[in-house]
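Chemist: Chains as they are written, first to last, in numbering that gives the first Met the number 0: chain A, 0 to 211; chain B, 0 to 211.
Glycine is no exception: its CB is placed at the ideal position from the N, C-alpha and C atoms.
My questions will all concern the structure given below.
Number of protein chains: 2
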Amino acid sequence: MSSRNRTGGGRARILEAATAVILNGEPLTMSAVAARAGVSRQAVYLHFANRPALAVAAARYTDEQLGLADAVRPMEAASDAETLLSAYAEFLADYNPRIRNIVGVVKALRRDDPALRDAWLDRVRNRRRATRRMARRLAGWGRLAPEFTVATAGDWLAAQGSVELWEELVVDLGWSRQRFSDTMAEAFRRTLLVPSAALRDADQAARNSSST
Amino acid sequence: MSSRNRTGGGRARILEAATAVILNGEPLTMSAVAARAGVSRQAVYLHFANRPALAVAAARYTDEQLGLADAVRPMEAASDAETLLSAYAEFLADYNPRIRNIVGVVKALRRDDPALRDAWLDRVRNRRRATRRMARRLAGWGRLAPEFTVATAGDWLAAQGSVELWEELVVDLGWSRQRFSDTMAEAFRRTLLVPSAALRDADQAARNSSST
DNA sequence: GTTCATCTTGACACCCTGTAAAGTTGCATT
DNA sequence: AATGCAACTTTACAGGGTGTCAAGATGAAC
Numbered sequence: 000m001s002s003r004n005r006t007g008g009g010r011a012r013i014l015e016a017a018t019a020v021i022l023n024g025e026p027l028t029m030s031a032v033a034a035r036a037g038v039s040r041q042a043v044y045l046h047f048a049n050r051p052a053l054a055v056a057a058a059r060y061t062d063e064q065l066g067l068a069d070a071v072r073p074m075e076a077a078s079d080a081e082t083l084l085s086a087y088a089e090f091l092a093d094y095n096p097r098i099r100n101i102v103g104v105v106k107a108l109r110r111d112d113p114a115l116r117d118a119w120l121d122r123v124r125n126r127r128r129a130t131r132r133m134a135r136r137l138a139g140w141g142r143l144a145p146e147f148t149v150a151t152a153g154d155w156l157a158a159q160g161s162v163e164l165w166e167e168l169v170v171d172l173g174w175s176r177q178r179f180s181d182t183m184a185e186a187f188r189r190t191l192l193v194p195s196a197a198l199r200d201a202d203q204a205a206r207n208s209s210s211t
Numbered sequence: 000m001s002s003r004n005r006t007g008g009g010r011a012r013i014l015e016a017a018t019a020v021i022l023n024g025e026p027l028t029m030s031a032v033a034a035r036a037g038v039s040r041q042a043v044y045l046h047f048a049n050r051p052a053l054a055v056a057a058a059r060y061t062d063e064q065l066g067l068a069d070a071v072r073p074m075e076a077a078s079d080a081e082t083l084l085s086a087y088a089e090f091l092a093d094y095n096p097r098i099r100n101i102v103g104v105v106k107a108l109r110r111d112d113p114a115l116r117d118a119w120l121d122r123v124r125n126r127r128r129a130t131r132r133m134a135r136r137l138a139g140w141g142r143l144a145p146e147f148t149v150a151t152a153g154d155w156l157a158a159q160g161s162v163e164l165w166e167e168l169v170v171d172l173g174w175s176r177q178r179f180s181d182t183m184a185e186a187f188r189r190t191l192l193v194p195s196a197a198l199r200d201a202d203q204a205a206r207n208s209s210s211t
């Protein structure tokens, strides 16, 4: 083999090839991955027991590559409710298109493989943890509407981030990135927030003066 | 063949078998369908050109069987905004679990087959038409929030009905049917509606009296 | 130079799709 | 009663996918 060690050890090379195949929208077959990695089909099996295992690894690898940690930073930095929810909407608009294919593969293979089912549940629970933290911050600022508990608001926010929801609006119904982001942010605010104390006072004053 | 005409002609029999296989969560293979229909594998090809064609037909058949027309009636009958949105939430809670598997099959095969892509887009557009009508009624009642056009509200409502959103909340995060229905209805109301004129007046009166 | 992990080639069993050909069966028409 | 036809059967095949197995090549480290 002439170019075996071109891009780092075998495993990493295969992982890269797998994510490339998935991101390209091609079906994830062992032959395709092997070909793209410049390696025999059997070599893939030396590193990954089967296709589901490869898919799981590729999903994790993609999460690293895409820098989930960095992408979340604007949300962490937000210091008020409106900014936080807008940042989340932006995050969804940016991140969903990138993970779309990977999520599709994982969801498709999930039925047959316990490891993939676990990996999926892991993903969902991680997302829920993050969105519950958001809900807790909203509550801490006194902005979470009394109709919602932190748990309910967190779960709801997580579900609003589902790839299919994004896909239907942006891919199937032709929404622009901006329209998606704006509308989702608006829906988040209107659903979860009560007016801030400051706004409430101003509003009240206006109503009183206009009705006297 | 002893029992050939047991449940009506071959085609209908095969369709029934296909929907049974899908609803059972088994992978949709031609052999499985044939076996369940009590027919040779080749007979399936006499009625359906290939697997995607069978999947499309099964999806349509299921829509008929489930009585989509009847299920939508409570929404048509609603005479105010709150009732309409609650009815929609109820509809989603009831209907999504039933079409879950079919939608999964169609979405999975969609990538490879143009006919399935079209069938999917058809479905999305039909849903959008229905939810736009809902949004138009809200606007007609003077209840649609000025932040939303009929088009945007309709699309958003359609996307909120995505199977994956339901699946994440109910299947992955363990929400009850009731909790799903209530929370979604609340989110719909809070996102799309402005208070009714009557409520607005009462509210205003209360504010004035409490601040004088 | 030997050892060892890593990779290769080649072969296999199994399952699935879709195509093809030739034969059966039973009903409807004449 | 004979014929014709549509629906179905059995059998076979090519092609592609997964996963397993065995035997050989290769190169770096010791």
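#1: Could you give the distance in angstroms between the alpha-carbon of L108/A and the alpha-carbon of S78/B?
#2: So, are the CB atoms of M74/A and M29/A less than 8 Å apart?
#3: Quick one: using the 10 Å Cβ neighbour count with 16 as the cut-off for buried, is R50/A buried or exposed?
#4: Using only the alpha-carbon positions, how far apart do L120/B and V43/A sit?
#5: I'd like to know whether the C-beta of D171/B is nearer than 8 Å to at least one C-beta of chain A.
#6: Going by CA-CA distance only, name the one from V71/A, A80/A, D171/A that's closest to F194/A.
#7: By the criterion of Cβ-Cβ separation under 7 Å, what are the contact partners of W140/A in chain B?
#8: Out of R176/A, D171/A, L83/A, which one is the CA nearest neighbour of G139/A?
#9: Is there a Cβ of chain A sitting closer than 8 Å to that of A157/B, yes or no?
#10: Is the Cβ of S180/A closer than 8 Å to any Cβ of chain B?
#11: Using a Cβ-Cβ cut-off of 8 Å, state whether S2/A counts as contacting chain B.
#12: Does the separation of the CB atoms of A92/A and R127/A fall below 8 Å?
#13: Along chain A, in chain order, which residues have C-beta atoms closer than 7 Å to that of R127/B?
#14: Would you mind listing the alpha helix (DSSP H) stretches within the stretch 116–169 of chain A that are 4+ residues and don't spill past its ends, in chain order?
#15: Do you know offhand how far I13/B's Cα is from E25/B's?
#16: Could you check if T130/B is buried or exposed, using at least 16 other CB atoms within 10 Å of its CB as the buried criterion?
#17: Using a C-beta cutoff of 8 Å, does A134/B count as contacting chain A?
#18: Can you name the residues of chain B whose CB is closer than 8 Å to the CB of V123/A?
#19: What three-state label does DSSP hand L192/A in the structure shown?
#20: Rounded to a whole number of angstroms, what is the C-alpha to C-alpha distance between R35/B and L115/A?
#21: Here's the rule I'm using: 16 or more other beta-carbon atoms within 10 Å means buried, otherwise exposed. How should A118/B be labelled?
#22: How should Q41/B be labelled, buried or exposed, when 16 other C-beta atoms within 10 angstroms of its C-beta is the threshold for buried?
#23: One question on the structure: do V149/A and R135/A come within less than 8 Å of each other, judged by their Cβ atoms?
#24: Assuming V162/B and R99/B are in contact, meaning their beta carbons sit under 8 Å apart, how far apart are those beta carbons, in whole angstroms?
#25: If we define contact as Cβ-Cβ less than 8 Å, is T148/B a contact residue for chain A?
#26: Would you list, in chain order, the members of the stretch 96–125 of chain B that have their beta-carbon closer than 7 Å to a beta-carbon of chain A?
#27: Cβ closer than 8 Å: which chain A residues qualify as neighbours of V231/B?
#28: Of all the CB atoms in chain A, is at least one closer than 8 Å to the CB of R189/B?
#29: Put E75/B into one of helix, strand or coil per three-state DSSP.
#30: With DSSP collapsed to three states, give me the class of R110/B.
#31: Express the C-alpha separation of A196/B and E167/A in angstroms, rounding to a whole number.
#32: Between the Cα of A19/A and the Cα atoms of L191/A, A58/A, A48/A, which residue gives the shortest distance?
#33: When the Cα atoms are used, what is the spatial distance from R188/A to P113/A?
#34: Count the other CB atoms within 10 Å of the CB of E185/A; is the residue buried (16 or more) or exposed (fewer)?
#35: Since T151/A meets chain B, which of its residues come closer than 7 Å, beta carbon to beta carbon?
Modeler: Per the coordinate set shown:
#1: L108/A and S78/B: Cα-Cα distance of roughly 44 Å.
#2: Cβ atoms of M74/A and M29/A: not closer than 8 Å.
#3: So R50/A ends up on the buried side.
#4: The alpha-carbon of L120/B is positioned some 37 Å away from that of V43/A.
#5: Closer than 8 Å to some Cβ of chain A, the Cβ of D171/B qualifies, so yes.
#6: Reading off the sequence, residue 194/A comes out as Pro, not Phe. Each of V71/A, A80/A, D171/A was checked against the Cα of P194/A, and the nearest Cα belongs to A80/A.
#7: Under the 7 Å cutoff, chain B gives no residues; its nearest Cβ is about 18 Å from W140/A.
#8: If we check each option's Cα against that of G139/A, L83/A comes out closest.
#9: Among the CB atoms of chain A, one or more fall inside 8 Å of the CB of A157/B.
#10: No, S180/A does not count as interfacial toward chain B.
#11: Bear in mind that the predicted position of S2/A carries a pLDDT of just 38, short of 50, making it unreliable; the figure below should be weighed with that in mind. It does not: the Cβ of S2/A has no partner Cβ on chain B nearer than 8 Å.
#12: No, the Cβ-Cβ distance between A92/A and R127/A is not below 8 Å.
#13: Around R127/B, the beta-carbon contacts reaching into chain A at under 7 Å are L172.
#14: Taken in chain order, the unbroken stretches of alpha helix (DSSP H) that lie wholly in the stretch 116–169 of chain A and span 4 residues or more are 149–159, 162–166.
#15: For I13/B and E25/B, the distance between alpha carbons rounds to 16 Å.
#16: T130/B counts as buried, since at least 16 other C-beta atoms from the protein chains shown sit within 10 angstroms of its C-beta.
#17: The beta carbon of A134/B does not come within 8 Å of any beta carbon belonging to chain A, so the residue lies off that interface.
#18: Neighbours of V123/A on chain B, chain order: E167, D171, L172.
#19: L192/A sits in a strand when the DSSP states are folded into three classes.
#20: Here the alpha carbons of L115/A and R35/B stand approximately 29 Å from one another.
#21: A118/B is buried by the Cβ-count criterion.
#22: Classification for Q41/B: exposed.
#23: Less than 8 Å separates the beta-carbon of V149/A from that of R135/A.
#24: Between R99/B and V162/B the Cβ distance is about 6 Å, and since that is below 8 Å, they are a contact.
#25: So no, T148/B is outside the interface.
#26: Shown in chain order are the members of the stretch 96–125 of chain B whose Cβ falls below 7 Å from a Cβ of chain A: A107, L120, V123.
#27: This structure leaves residue 231/B out entirely; chain B is present only between 0 and 211.
#28: It does; some Cβ of chain A falls within 8 Å.
#29: In the structure shown, E75/B falls within a helical segment according to DSSP collapsed to helix, strand and coil.
#30: Of the three classes helix, strand and coil, the one that applies to R110/B here is coil, per DSSP.
#31: In this structure, the alpha-carbon of E167/A lies about 34 Å from that of A196/B.
#32: Closest in alpha carbon position to A19/A, among L191/A, A58/A, A48/A, is A58/A.
#33: The alpha-carbon of R188/A is positioned some 37 Å away from that of P113/A.
#34: It is buried - the Cβ of E185/A has at least 16 other Cβ atoms within 10 Å.
#35: Under a criterion of Cβ atoms nearer than 7 Å, the residues of chain B adjacent to T151/A are, in order, T182.
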